[in-house]
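Protein chains in written order, with the working numbering: chain A, 1 to 213; chain B, 1 to 213; chain C, 1 to 213. Beta carbons are placed, not taken as given, at the ideal position from N, Cα and C, and that holds for glycine.
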Amino acid sequence: MDVTWSLVLDLLGTFFFAISGCLLAARRGFDIVGSLLLGSLTGLGGGVLRDLIIGVTPTAFVQPVYLIPPLAAALLVYFLVHHVQRFPRTLLVFDAGGLALFCITGAVTALNAGLNPVAAAVLGVTTGVGGGLLRDVVANRDPQLFNPRDIYAVPAMLGATLITALWYLGLFNVVSELCVAAVVFTLRVLSLHYGWRIPHAAGSWHTPRPDGQ
Amino acid sequence: MDVTWSLVLDLLGTFFFAISGCLLAARRGFDIVGSLLLGSLTGLGGGVLRDLIIGVTPTAFVQPVYLIPPLAAALLVYFLVHHVQRFPRTLLVFDAGGLALFCITGAVTALNAGLNPVAAAVLGVTTGVGGGLLRDVVANRDPQLFNPRDIYAVPAMLGATLITALWYLGLFNVVSELCVAAVVFTLRVLSLHYGWRIPHAAGSWHTPRPDGQ
Amino acid sequence: MDVTWSLVLDLLGTFFFAISGCLLAARRGFDIVGSLLLGSLTGLGGGVLRDLIIGVTPTAFVQPVYLIPPLAAALLVYFLVHHVQRFPRTLLVFDAGGLALFCITGAVTALNAGLNPVAAAVLGVTTGVGGGLLRDVVANRDPQLFNPRDIYAVPAMLGATLITALWYLGLFNVVSELCVAAVVFTLRVLSLHYGWRIPHAAGSWHTPRPDGQ
């Protein structure tokens with residue numbers, strides 16, 4: 001597959017996640033530098049984690065072009081957030097875009113590095129959910145990943161598994177990649193809209209305590 | 001030492017920590033996938049950290065067998081948590097089991113990788129407390145590690161130091177390993193039962209502010 | 001540049017950050033071991049992160065001398081915190097000292113490892129803010145890094161950029177290094193004293209919700 005397309009999709013995913021980080025920074029009243037940093041962590045965190053696990057120098061520290069999406073995101077949010085605030089789910093929609101692209105690029109990077117298919121799918125999920133998890137953890141709030149009112153990891157698991165299967169079937173190219181990304185994104189957004197749920201961790205016998213320590 | 005035994009103890013530690021993660025997920029009302037992910041992070045997090053520091057590809061991403069303990073833990077908690085809820089300290093007892101095994105496997109992995117004895121002991125402690133710390137951090141609660149109402153890191157420090165000493169004395173084998181694990185586990189559980197404490201960070205002159213920012 | 005000086009400045013930065021971690025532990029009522037661990041994480045976390053990204057075994061796990069600053073910090077806070085409590089900003093001043101030294105040692109380590117100048121500056125910032133971010137995240141509080149009531153990352157950005165420029169201009173030595181550290185430290189402390197601010201993430205149109213989720 002063309003290296004340029006991989007880079008474009010990775011940068012796009014970085015941009016989507018960075019926007020979600022900058023929007024959270026705006027909501028929490030952080031300043032413009034805090035926005036840039038939270039956007040960078042969200043956009044680049046999943047990929048850095050992926051590269052550390054594979055054992056290569058993180059691309060974000062090798063190719064300065066990776067710093068452009070977070071910079072653009074911080075500027076866009078600074079100048080436009082009075083518009084996007086009208087759509088309360090904007091953050092989650094951009095987050096879904098990042099999730100859709102990163103679960104794929106994570107799996108593909110792992111396959112290119114020679115990891116086994118199971119590890120590739122797991123690393124795809126890790127890359128997909130990693131940036132958003134880091135964003136929520138450093139912003140000191142309950143991670144979106146664990147929110148039981150919709151599904152977050154399931155679309156990423158499906159996407160990473162699908163792309164790994166396509167790779168082994170020899171059907172991996174930029175078109176199939178975009179199709180899988182569209183499926184993941186659509187599933188995630190529909191789950192937000194319809195509030196799709198899956199069974200609770202403790203089965204049906206349990207009444208959770210929301211403050212449970 | 002037999003590689004099979006090392007693997008069995010590492011998988012058992014992964015399972016214990018994974019159970020603690022899934023139980024926390026159940027208490028917090030996460031869904032079954034959130035339970036699997038929190039269990040995986042708790043069970044595999046300490047070992048991934050250990051392997052990243054040593055500079056090898058994390059075993060969890062090389063050997064798919066490492067995914068079985070978190071899967072088993074999520075299923076067990078899903079089907080059985082209405083029983084275990086009767087024992088409020090179940091989470092902490094499983095956490096203690098993981099701590100006891102991981103402070104040992106962490107130190108042994110470091111010694112096998114050629115790190116100096118001090119670094120091996122420190123990496124044993126890091127591996128032992130890492131998974132539980134990640135669990136509490138992503139679940140957005142005060143880490144058990146820093147709870148001053150009992151002792152958590154001290155047993156791990158003792159276990160990692162003991163196993164490093166036994167290694168250099170040529171007395172390291174699966175029997176001595178299990179003995180050290182039993183000592184660590186017992187110390188931790190007794191400290192929970194009797195509320196053992198050690199002096200506060202600020203000596204005796206200080207009244208802590210529980211909300212201190 | 002003399003390796004000994006680099007080591008001294010790195011150990012000094014570790015000590016400053018470790019003190020900030022131990023002071024937070026004291027405020028939160030952690031015990032002496034929790035203080036040692038939070039001090040270690042704060043003092044060593046940024047450097048471990050830096051070394052993992054560069055791809056070398058973290059110095060903290062190679063050179064046991066790195067464990068002395070956190071040990072000294074935990075003991076000092078234990079015996080002296082009834083004095084320092086009188087100065088509520090002590091934690092932030094020590095944190096500023098760590099920030100000033102680590103944004104420099106991070107950039108220099110990256111330049112020595114052959115990273116490009118942009119990556120070196122970014123890694124300098126990452127190293128500088130990393131330890132304090134980890135401290136605040138595991139202590140489950142809003143990170144100082146994102147506090148909009150003063151500036152935190154800007155001095156580190158300036159310092160990492162300056163030192164990278166001096167390196168390429170052939171003007172890098174221990175004197176210029178100490179000058180840059182003094183500039184970073186002074187800027188940070190003045191921003192605390194005068195409450196310097198920069199524009200909010202969302203421009204001027206936005207009223208942040210402090211509890212914004």
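Report task. Could you tell me if residue 27 of chain A is buried or exposed, where buried requires 16 or more neighbouring beta carbons within 10 angstroms of its beta carbon? Result -> The residue in question, residue 27 of chain A, is buried, as its Cβ has 16 or more Cβ neighbours within 10 Å.
Query raised in the report: In the structure shown, what three-state DSSP assignment does residue 51 of chain B receive?
Result: DSSP places residue 51 of chain B in helix when its eight states are reduced to three.
Requested in this report: Give the range of the alpha helix (DSSP H) segment to which residue 95 of chain C is assigned.
Outcome: Counting along the chain, the alpha helix (DSSP H) containing residue 95 of chain C begins and ends at 90-112.
Query raised in the report: Which word fits residue 152 of chain B, buried or exposed, when buried means at least 16 other C-beta atoms lie within 10 angstroms of its C-beta?
Result: The residue is buried, with at least 16 neighbouring Cβ atoms inside 10 Å.
Report task. Pair every Cβ in the stretch 187-205 of chain A with every Cβ in the stretch 8-15 of chain B, then say whether three or more of these pairs are closer than 8 angstroms. Result -> At 8 angstroms Cβ cutoff, the stretches do not touch.
Report task. Grab the span of the alpha helix (DSSP H) containing residue 66 of chain C for me, first residue to last. Result -> In this chain, residue 66 of chain C is not harboured by any alpha helix (DSSP H), its DSSP state being neither H nor E.
Query raised in the report: Start and end of the alpha helix (DSSP H) containing residue 193 of chain C?
Result: Secondary structure note for residue 193 of chain C: its alpha helix (DSSP H) is the uninterrupted segment 174-194.
**Report entry** 8 angstroms Cβ cutoff met for residue 223 of chain B and residue 44 of chain B
**Finding:** Lying before the first or after the last residue shown, residue 223 of chain B is absent from chain B, which here runs from 1 to 213.
Query - Interface partners of residue 10 of chain A on chain C, CB under 8 angstroms - result: Identification of chain C residues near residue 10 of chain A by a Cβ-Cβ cut-off of 8 angstroms yields none; the smallest Cβ-Cβ distance measures about 17 angstroms.
**Report entry** Cβ of residue 188 of chain B within 8 angstroms of any chain C Cβ
**Finding:** Taking Cβ atoms only, chain C never reaches closer than 8 angstroms to residue 188 of chain B, which makes this a no.
Query raised in the report: Tell me, which residues are paired with residue 31 of chain C by DSSP?
Result: As computed with DSSP, residue 31 of chain C is found in a beta bridge with B/200.
Report task. Closer than 9 angstroms, Cβ to Cβ, to anything on chain A: give me those residues from the stretch 114-142 of chain B, in chain order. Result -> Listed in sequence order: 137, 138, 139, 140, 141, 142.
Query raised in the report: For residue 160 of chain A, does the count of other Cβ atoms within 10 angstroms reach 16, so buried, or fall short, so exposed?
Result: That one is buried.
Query raised in the report: Along the chain, where does the alpha helix (DSSP H) that runs through residue 127 of chain C open and close?
Result: Taken as a continuous stretch (DSSP letters only), the alpha helix (DSSP H) holding residue 127 of chain C covers 117-138.
Query raised in the report: From the beta carbon of residue 27 of chain C, is the nearest beta carbon of chain A less than 8 angstroms away?
Result: Taking Cβ atoms only, chain A never reaches closer than 8 angstroms to residue 27 of chain C, which makes this a no.
Query - Buried or exposed by the 16-neighbour rule on C-beta atoms within 10 Å, applied to residue 166 of chain C - result: Result: buried.
Requested in this report: Measure the alpha-carbon distance for residue 176 of chain A versus residue 141 of chain C and round it to whole angstroms.
Outcome: If you draw a straight line from the Cα of residue 176 of chain A to the Cα of residue 141 of chain C, it is about 43 angstroms long.
Requested in this report: Keeping to the same chain, check which residues put their C-beta closer than 6 angstroms to that of residue 22 of chain A; ignore five residues upstream and five downstream.
Outcome: Contacts found: 35, 39, 73, 74, 77.
Requested in this report: Please say whether residue 157 of chain B and residue 137 of chain B have beta carbons closer to each other than 8 angstroms?
Outcome: For residue 137 of chain B and residue 157 of chain B, no; Cβs fall outside 8 angstroms.
Query raised in the report: Whose CA, out of A/192, A/145, A/181, A/169, lies closest to the CA of residue 29 of chain B?
Result: Looking at the Cα atoms, A/145 is the closest of the given residues.
Report task. Below 9 angstroms between beta carbons is the criterion; list the residues of the stretch 28-49 of chain B that meet it against any residue of chain C, in chain order. Result -> Within the stretch 28-49 of chain B, no residue has a Cβ that lies closer than 9 angstroms to any Cβ of chain C.
Query raised in the report: Between residue 47 of chain C and residue 164 of chain C, is the Cβ-Cβ spacing less than 8 angstroms?
Result: Contact flag unset, no.
**Report entry** From A/20, A/147, A/113, A/55, residue whose alpha carbon lies closest to that of residue 98 of chain A
**Finding:** Nearest of A/20, A/147, A/113, A/55 to residue 98 of chain A, Cα basis: A/20.
Query raised in the report: Using the C-alpha atoms, what's the distance from residue 71 of chain B back to residue 52 of chain A?
Result: Approximately 24 angstroms between the Cα atoms of the pair.
Query raised in the report: Applying the criterion that 16 or more other CB atoms from any shown protein chain within 10 Å of the CB defines a buried residue, is residue 184 of chain B buried or exposed?
Result: By the neighbour-count rule (16 or more Cβ atoms within 10 Å), residue 184 of chain B is buried.
Query raised in the report: Relative to the C-alpha of residue 92 of chain C, which residue among C/18, C/113, C/62, C/120 is closest?
Result: Nearest in C-alpha terms to residue 92 of chain C, of all of C/18, C/113, C/62, C/120, is C/18.
Query raised in the report: Excluding five sequence neighbours on each side, which residues of the same chain lie with their C-beta closer than 6 angstroms to the C-beta of residue 155 of chain C?
Result: 184, 187, 188, listed in sequence order.
Query raised in the report: Whose C-beta lies closer than 8 angstroms to the C-beta of residue 119 of chain B among residues of the same chain, with five residues either side of it excluded?
Result: Only 110 meet the Cβ criterion.
Requested in this report: Going by CA-CA distance only, name the one from A/150, A/31, A/132 that's closest to residue 143 of chain A.
Outcome: Nearest in C-alpha terms to residue 143 of chain A, of all of A/150, A/31, A/132, is A/132.
Report task. Compute the Euclidean distance between the alpha carbons of residue 6 of chain B and residue 112 of chain B, then round it to the nearest angstrom. Result -> Distance between the alpha carbons of residue 6 of chain B and residue 112 of chain B is about 12 angstroms.
Query - Inter-residue CB distance, residue 57 of chain B and residue 170 of chain A (contact presumed, cutoff 8 angstroms) - result: Actually they do not touch by this definition, with Cβ atoms about 26 angstroms apart.
Query raised in the report: Does DSSP put residue 12 of chain B in a helix, a strand or coil?
Result: Of the three classes helix, strand and coil, the one that applies to residue 12 of chain B here is helix, per DSSP.
Query raised in the report: What three-state label does DSSP hand residue 169 of chain C in the structure shown?
Result: For residue 169 of chain C, the three-state secondary structure derived from DSSP is coil.
Query - Environment of residue 115 of chain A [buried if 16+ CB atoms lie within 10 Å] - result: It counts as buried.
Query - Presumed contact (8 angstroms Cβ cut-off) between residue 201 of chain A and residue 32 of chain B, rounded CB distance - result: Sure, about 6 angstroms apart at Cβ, within 8 angstroms.
Query raised in the report: Quick one, which residues of the stretch 57-68 of chain A are near chain C if we go by CB-CB under 9 angstroms, in chain order?
Result: Listed in sequence order: 57, 58, 60, 61, 62, 63, 64, 67.
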